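Below is one structure, written out as C-alpha cells, with a few remarks after it.
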Amino acid sequence: MSGEPKTLDQFDITGRSALVTGAASGIGLAYAEVMAEAGAKVTLTDIDAEGVALAADRLTHEGYDVRWDACDVSDLEAVARAFDHHVEAYGGCDIAFANAGLDVGDGFWSPEDKRNPAGQIDVYSKEKWDKSIGINLTGVFHTVREAARVMKANTHRRGGSIVITSSNAAEVNEAIVGVPYMAAKAGVKHFMRHAAYELAAYGIRVNAIAPGPFVTNIGDGWVKKNPAAKEAWDKLVPVGRMAETYQIKPLALLLASDAGSYMTGSHVMIDGGMQLGPIKPLDD
Ligand code: NAD
Numbered sequence: 027m028s029g030e031p032k033t034l035d036q037f038d039i040t041g042r043s044a045l046v047t048g049a050a051s052g053i054g055l056a057y058a059e060v061m062a063e064a065g066a067k068v069t070l071t072d073i074d075a076e077g078v079a080l081a082a083d084r085l086t087h088e089g090y091d092v093r094w095d096a097c098d099v100s101d102l103e104a105v106a107r108a109f110d111h112h113v114e115a116y117g118g119c120d121i122a123f124a125n126a127g128l129d130v131g132d133g134f135w136s137p138e139d140k141r142n143p144a145g146q147i148d149v150y151s152k153e154k155w156d157k158s159i160g161i162n163l164t165g166v167f168h169t170v171r172e173a174a175r176v177m178k179a180n181t182h183r184r185g186g187s188i189v190i191t192s193s194n195a196a197e198v199n200e201a202i203v204g205v206p207y208m209a210a211k212a213g214v215k216h217f218m219r220h221a222a223y224e225l226a227a228y229g230i231r232v233n234a235i236a237p238g239p240f241v242t243n244i245g246d247g248w249v250k251k252n253p254a255a256k257e258a259w260d261k262l263v264p265v266g267r268m269a270e271t272y273q274i275k276p277l278a279l280l281l282a283s284d285a286g287s288y289m290t291g292s293h294v295m296i297d298g299g300m301q302l303g304p305i306k307p308l309d310d
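Okay, structure coming up:
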C-alpha cells in the first residue's frame, strides 16, 4: 500500500479542465456539474446558446470556474473553435465529453403500441436519417477528433480522458426509437473502441457510457410531459424506474479521473438492467 495513491484521491480532478458538448441540459449538464464539483474548470458547449449560457451562469454563481461556448457538433469548424477557445482559457484540455445527441423520432412501433407508418424502413425520412447520423455519430467523430488534437498537444500533463455518451440502443433494439439512432449508437460503440486502441499510446483513454432510460429533455422532454409514458418506461427496467441525471455523475467521474486509469475501450452500461428484460415484479 505504501507509495500507492489513496483511492479517494484518485477521483480528485482539481486543476484539470473539461469540455462537455450538449451541456445545456440532461446528461451533459450532469457531466459539467460533476466535473466542476470535483475541482475541474469546465467549458459547457451546446447548440442552444441561451440554455448553455444560463447553465454556465448558474454554476458560476455557485462558485465554480466555468465558461460556455455555442457549438453545433455537426459542424467540425465550430467544434475545433470550441476546443481552441477552451485551451486559450484554461491552458490545455484534460477531459472531453462527446455527449450531444438527440432522437429524431419515428420508431417503427408507436408509444400507442401499434405500428408507426412513418417509422417503417421503406419510407423512413432521409432528412431524419442524415440529421441523426450527422449529430449522433459524425458529431462524436468531430468531438473526439478535436479532443485528440488538443490532448496530443498537452504540455502541462500527458494525455487525457475522452468520454462518449453512447446508449443501451448500441446493445439492444428499441422499436419505439428511430432506426438511425440505433445505427448511430452502434457506430459510436465501435468507433470508441477504435479511437481507444489508436490513442492509448498517447496516454489518451477513450470510453463510453451507455445509459438506459434517463429523465431528460430528449425527444422534447416527452417523458417529463407525459406521466403515462414515464410509467411505461419505468416498467421496462428491472429496477422499476427510469434514472435521474445525478445517478450518472459517479460513473462520469470514474472514467474522467485517474480512478479510471486502467479503463480504455470500455462501453459501460448504466441502465437499471434494462438489457436483461422488463421488470418482473413481486406478487404482492
Ligand atoms: P437532452 O435533450 O436533455 O440534452 C441534449 C443536449 O444536446 C441539449 O442541450 C441539446 O440542445 C444538445 N444538442 C442537440 N443537438 C446538438 C448539436 N447538434 N450540437 C450541440 N448540442 C446539441 O438529452 P439527454 O438525454 O441528456 O441526451 C444526452 C446524450 O445522452 C445523447 O447523446 C443521448 O443520445 C444520450 N442518451 C440519452 C438517454 C436518455 O434516456 N435520456 C439514453 C441513452 C443515451
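Per the numbering used here, residue 27 is the first one in the sequence shown, and the count goes up by one each step. In this text, a Cβ means the ideal position worked out from N, Cα and C, and glycines have one as well. These figures come from a predicted structure and were not determined experimentally.
**Report entry** Backbone CA spacing between Glu-103 and Leu-128 [nearest angstrom]
**Finding:** The count along the sequence shown starts at 1 and reaches residue 103 at position 77. The count along the sequence shown starts at 1 and reaches residue 128 at position 102. Roughly 20 Å separates the two Cα atoms.
Query - Reference Ala-234; option with closest CA among Ala-210, Gly-160, Gly-291 and Asn-180 - result: In the sequence shown, residue 234 corresponds to position 208, counting from 1. Of the residues Ala-210, Gly-160, Gly-291 and Asn-180, the one whose Cα lies closest to the Cα of Ala-234 is Gly-291.
Requested in this report: Determine, using beta carbons only, whether Ser-43 and His-112 come nearer to each other than 8 Å.
Outcome: As a working mapping, residue 43 is identified with position 17 in the sequence shown. As a working mapping, residue 112 is identified with position 86 in the sequence shown. Between Ser-43 and His-112, the gap from beta carbon to beta carbon is short of 8 Å.
Report task. Compare the Cα-Cα distances from Leu-85 to each of Trp-135, Ala-50, Asp-101 and Asp-156 and report the closest residue. Result -> Counted from its first residue, the sequence shown places residue 85 at position 59. The shortest Cα separation from Leu-85 among Trp-135, Ala-50, Asp-101 and Asp-156 belongs to Ala-50.
Query raised in the report: What's the gap between the Cα of Leu-45 and the Cα of Met-295?
Result: The residue given as residue 45 occupies position 19 in the sequence shown. The residue given as residue 295 occupies position 269 in the sequence shown. If I take the Cα positions, the gap works out to 22 Å.
Query raised in the report: Rounded to a whole number of angstroms, what is the C-alpha to C-alpha distance between Phe-167 and Phe-109?
Result: Locating residue 167 in the sequence shown gives position 141, counting from the first residue. Locating residue 109 in the sequence shown gives position 83, counting from the first residue. Approximately 14 Å between the Cα atoms of the pair.
Query raised in the report: Quick one: Cα of Cys-119 to Cα of Thr-33, how far?
Result: The count along the sequence shown starts at 1 and reaches residue 119 at position 93. The count along the sequence shown starts at 1 and reaches residue 33 at position 7. Linking Cys-119 to Thr-33 through their CA atoms gives a straight-line distance of about 24 Å.
Query raised in the report: Unbroken beta strand (DSSP E) runs of length 3 or more, entirely within the segment 27 to 52: which are they?
Result: 43 to 46
Query raised in the report: So, helix, strand or coil for Lys-306, using DSSP?
Result: For this step, residue 306 is matched to residue 280 along the sequence shown. Here Lys-306 sits in coil by DSSP.
Query raised in the report: Ile-296: beta carbon under 7 Å from a heavy atom of the ligand NAD?
Result: Position 270 of the sequence shown, counted from the first residue, corresponds to residue 296. No.
Query - Residue closest to Asn-180, alpha-carbon to alpha-carbon, out of Ile-73, Leu-55, Lys-261 and Gly-117 - result: As a position in the sequence shown, residue 180 is number 154, starting the count at 1. Measuring C-alpha to C-alpha distances from Asn-180 to each of Ile-73, Leu-55, Lys-261 and Gly-117 identifies Gly-117 as the nearest.
Query - Asp-98 - DSSP class collapsed to helix/strand/coil - result: The sequence position of residue 98 within the sequence shown is 72, counting from 1. Here Asp-98 sits in coil by DSSP.
Query raised in the report: Measuring from the CB of Asn-128, is there a heavy atom of the ligand NAD at a distance below 7 Å?
Result: Within the sequence shown, the letter at position 102 stands for residue 128. The sequence given here places Leu at residue 128; Asn does not occur at that position. Yes, the beta carbon of Leu-128 sits closer than 7 Å to at least one heavy atom of the ligand NAD.
Query - For Leu-128, three-class secondary structure by DSSP - result: Residue 128 sits at position 102 when you count from the first residue of the sequence shown. Leu-128: coil per DSSP, three-state reduction.
Query raised in the report: Ordered along the chain, which non-local residues of its own chain (more than five positions away) have a Cβ less than 8 Å from that of Val-263?
Result: The residue labelled residue 263 in the question sits at position 237 within the sequence shown. Once the five neighbours on either side are set aside, the close Cβ partners of Val-263 are Gly-238, Pro-239, Asp-297, Gly-298, Gly-299, Met-300, Pro-304 and Ile-305.
Requested in this report: With a 10 Å radius around its C-beta and 16 neighbouring C-beta atoms as the bar for buried, classify Asp-95 as buried or exposed.
Outcome: For the purposes of this step, residue 95 is taken as residue 69 along the sequence shown, with counting starting at 1. Asp-95 comes out buried.
Query raised in the report: Under a Cβ-count criterion, where at least 16 other Cβ atoms within 10 Å of its own Cβ denotes burial, should Met-61 be classed as buried or exposed?
Result: Looking up residue 61 in the sequence shown gives position 35. Buried, because 16 or more other Cβ atoms sit within 10 Å of the Cβ of Met-61.
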